[in-house]
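K.L.:
In our numbering, the protein residues as written are 241 to 834.
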């Protein structure tokens, strides 16, 4: 193909002695060797047709001595056997200054300032320069120099952090008729000097009463507002009696530690802690410990086992931590919450967090929090560096089901009920959740369960149980009623927490006895009448003579039971008292007597 028109054709000078033109080939011609495109530069104003020649596949450049000429009209011609194309650039050399990159870059630094120095290869042109400073977080800042120089330059960068590593580089451009920045110099890595630590340490304490006084474990940490401004060498701890003139005691703790233990008596103490680097100390952090009294146990020692006045409130886990709330008091200027990351270990890795006076709730987060572990939180109010215990909280990141089942200790059976009694330590701190109550499960071995007052519960194998709920964890007995006599049942008791309960694995089996009242009723209704009938059948003649004689006996007549019908022991019926239908005489001799 014929050649393409050169692209991005432009010319410049770097030293005011040599002119250099650059361009890009327009496209592939598929001609090679002696037929490849050939570039020729010419100057129209001076009629110079052979400034320079070049052969290049893509990026091209060509240079020549400029002499004293300022205004140039340069044409690049590209041609091959199939044709030619041209591109033109008209320029003033003084306006096309493209300096070389600065070299011999070096620095001077303090704790907050850097001064960069550099040199130029060409001292015939006045340049001004720009410095790029890369912060440790990758943020880039550009600083322009205010002075113009021809062979050396410098710039001061202020507002830097002490003992911090920066990267810097420099580029320059013509002070007059600026056209283009030079290439960047080689980057320089600079570290500012150390400075005085800025801010205060965040400090806390753990107090334990002992014979003759108190053991105090002091903790400290660097917050986001604290700047070490160098390598911390040590921490200086000072304590003195607050209400008595006494000589302060001091210890220096190596920087690898963030806690120390001291002993104090029952007086009030003022404790200060400062961080130290090789330049200076930080501002002191102050902690006041009140005088030890019987009441101070209640307001100072969160972990003191004898405290009964403060009831532990239960708190709940949320998505990103454990939610704590407290009742604010206007007398405090801040609040502190402390807890142990590993409550089952010693030491427990005590942690604490501070909050402002207008805060009454917080979400406590820690990478150490795991489900099923009970964490205790103590809320303190602080006024003038003196802390007082306000509230105690306990809770879980997430509750899990109880690990063990209640221990069945007694079972009382009747023909239609069963009374269950069990043991369970619902206050055990190793429980993976707060025990909220118990579930009692009952089901006959044959058939479905439909006991009155129960709810249906379906197991994973689709079997059906009757379920009763006890919502008081201190209630450890329950009576299941409305059972059938002489029936085999399976029974289970499960404790449940906010995380539910474990699946039912083991059942207890019971057999209800026969109903003795039913047997007695059957005896009265069936056995006794049958016995009477059998006796009557056996003594039929006697019964008939007794109950239904052919000739009734006067002594058995109810009519003759009244007193006026008796003469002595005999019952007598006077004929005059009734009118018989027929009078029969069995014996004439008797008739004569009558």
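Where a beta carbon is used, it is the ideal one built from N, C-alpha and C, also for glycine.
Just reading off the beta strand (DSSP E) that residue 503 is part of, what are its end residues?
P.N.:
Looking at the DSSP string, the run of the beta strand (DSSP E) that includes residue 503 is 499 to 504.
K.L.:
Among 709, 695, 656, which residue has its Cα nearest to the Cα of residue 680?
P.N.:
Cα-wise, what sits closest to residue 680 is 709.
K.L.:
What do you reckon, are the CB atoms on residue 737 and residue 675 nearer than 8 Å?
P.N.:
Their beta carbons are under 8 Å apart, which means residue 737 touches residue 675 by this criterion.
K.L.:
Taking only the alpha-carbon atoms, compute the straight-line gap between residue 539 and residue 630 and give it to the nearest angstrom.
P.N.:
Only weak support is given to the placement of residue 539: the predicted model assigns it a pLDDT of 43, under 50, and the question is left unresolved by the model.
K.L.:
Report the option in 358, 327, 431, 253 whose CA atom is closest to the CA atom of residue 343.
P.N.:
Comparing Cα positions, the closest option is 358.
K.L.:
Whole angstroms is fine: what's the gap from residue 256's alpha carbon to residue 311's?
P.N.:
Straight-line Cα distance between these residues: approximately 13 Å.
K.L.:
What are the boundary residues of the beta strand (DSSP E) that includes residue 480?
P.N.:
Note, residue 480: beta strand (DSSP E), 474 to 481.
K.L.:
Residues in its own chain within less than 7 Å of residue 727 by CB, not counting five upstream and five downstream?
P.N.:
Contacts found: 684, 752.
K.L.:
Does the segment 468 to 482 come into contact with the segment 433 to 445, if we say contact requires no fewer than three beta-carbon pairs (one atom in each stretch) closer than 8 Å?
P.N.:
In short, these stretches touch, since the Cβ pair count reaches three.
K.L.:
Candidates 486, 521, 369, 461: which alpha carbon is nearest residue 500's?
P.N.:
The residue with the shortest Cα to Cα distance from residue 500 is 461.
K.L.:
Report the partner residues of residue 281 according to the DSSP bridge assignment.
P.N.:
DSSP, once it has assigned bridges, lists 292, 316 as partnering residue 281.
K.L.:
Between 329, 575, 672, 658, which lies nearest to residue 641 when the distance is taken from Cα to Cα?
P.N.:
Checking every option, the nearest Cα to that of residue 641 belongs to 672.
K.L.:
Since residue 579 and residue 616 are thought to touch, with beta carbons under 8 Å apart, how far apart are those beta carbons, to the nearest angstrom?
P.N.:
Right, the Cβ-Cβ distance comes to about 6 Å (below 8 Å), so this counts as a contact.
K.L.:
Hey, how far is the Cα of residue 696 from the Cα of residue 740?
P.N.:
The straight-line gap from Cα to Cα measures roughly 17 Å.
K.L.:
So which of 562, 669, 247 has the shortest CA-CA distance to residue 583?
P.N.:
When each option's Cα is compared against that of residue 583, the closest is 669.
K.L.:
Once you ignore the five residues that flank residue 550 on each side, which residues in its own chain have a CB closer than 8 Å to its CB?
P.N.:
Closer than 8 Å at Cβ, skipping near neighbours: 538, 629, 631, 632.
K.L.:
What residue range does the beta strand (DSSP E) around residue 394 cover?
P.N.:
Note, residue 394: beta strand (DSSP E), 392 to 397.
K.L.:
With distance defined between alpha-carbon atoms, name the residue in 300, 274, 285, 348 nearest to residue 320.
P.N.:
The option with the nearest alpha carbon to residue 320 is 274.
K.L.:
On the DSSP letters alone, give me the boundaries of the beta strand (DSSP E) that residue 555 sits inside.
P.N.:
Where residue 555 is concerned, the enclosing beta strand (DSSP E) stretches over 552 to 555.
K.L.:
Pull up the DSSP beta-bridge partners for residue 449, would you.
P.N.:
Partner(s): 454.
K.L.:
Can you list, in chain order, the residues of its chain with a C-beta nearer than 6 Å to that of residue 839? Leave out the 5 residues immediately preceding and following it.
P.N.:
Nothing in the structure corresponds to residue 839, since the chain is present only between 241 and 834.
K.L.:
Please check the pair residue 614 and residue 442, which I expect to be a contact at CB under 8 Å, by giving their CB distance rounded to whole angstroms.
P.N.:
About 26 Å; that fails the 8 Å criterion.
K.L.:
Nearest to residue 450 by CA position, among 414, 503, 425, 401, is which residue?
P.N.:
Answer by Cα proximity: 503.
K.L.:
Considering only heavy atoms of the ligand HEM, does any lie closer than 7 Å to the CB of residue 673?
P.N.:
Inclusion of the ligand HEM in the displayed structure is not the case, the ligand content being empty and no account of it being possible.
K.L.:
Tell me whether the beta-carbon of residue 733 lies closer than 8 Å to the beta-carbon of residue 653.
P.N.:
Their beta carbons are not under 8 Å apart, which means residue 733 does not touch residue 653 by this criterion.
K.L.:
When DSSP labels each residue in this structure, what does residue 383 get in the three-state scheme?
P.N.:
Residue state, collapsed to three classes: strand.
K.L.:
My parser needs the alpha helix (DSSP H) runs of 4 or more residues fully inside the segment 248 to 276; what are they?
P.N.:
Qualifying alpha helix (DSSP H) stretches: none in this window.
K.L.:
Per the contact definition of three or more C-beta pairs closer than 8 Å, is the segment 325 to 338 in contact with the segment 384 to 398?
P.N.:
Flag = no, the segment 384 to 398 and the segment 325 to 338 do not touch.
K.L.:
Closest to residue 410 by C-alpha separation, out of 416, 423, 607, would be which residue?
P.N.:
Among 416, 423, 607, the Cα nearest to that of residue 410 belongs to 423.
K.L.:
Among residues of its own chain, excluding the 5 on either side of residue 270, which ones have a beta-carbon nearer than 7 Å to its beta-carbon?
P.N.:
Same-chain partners within the cutoff: 241.
K.L.:
Return the residue from the list 625, 434, 605 that minimises the CA-CA distance to residue 525.
P.N.:
That would be 625, whose Cα lies nearest to the Cα of residue 525.
K.L.:
Does the count of Cβ pairs from the segment 395 to 409 and the segment 367 to 381 closer than 8 Å reach three?
P.N.:
Flag = yes, the segment 395 to 409 and the segment 367 to 381 touch.
K.L.:
Reducing DSSP to helix, strand and coil, say where residue 354 ends up.
P.N.:
Here residue 354 sits in strand by DSSP.
K.L.:
Can you pull the DSSP bridge partners for residue 835?
P.N.:
Only positions 241 to 834 of the chain appear in this structure, which leaves residue 835 out of reach.
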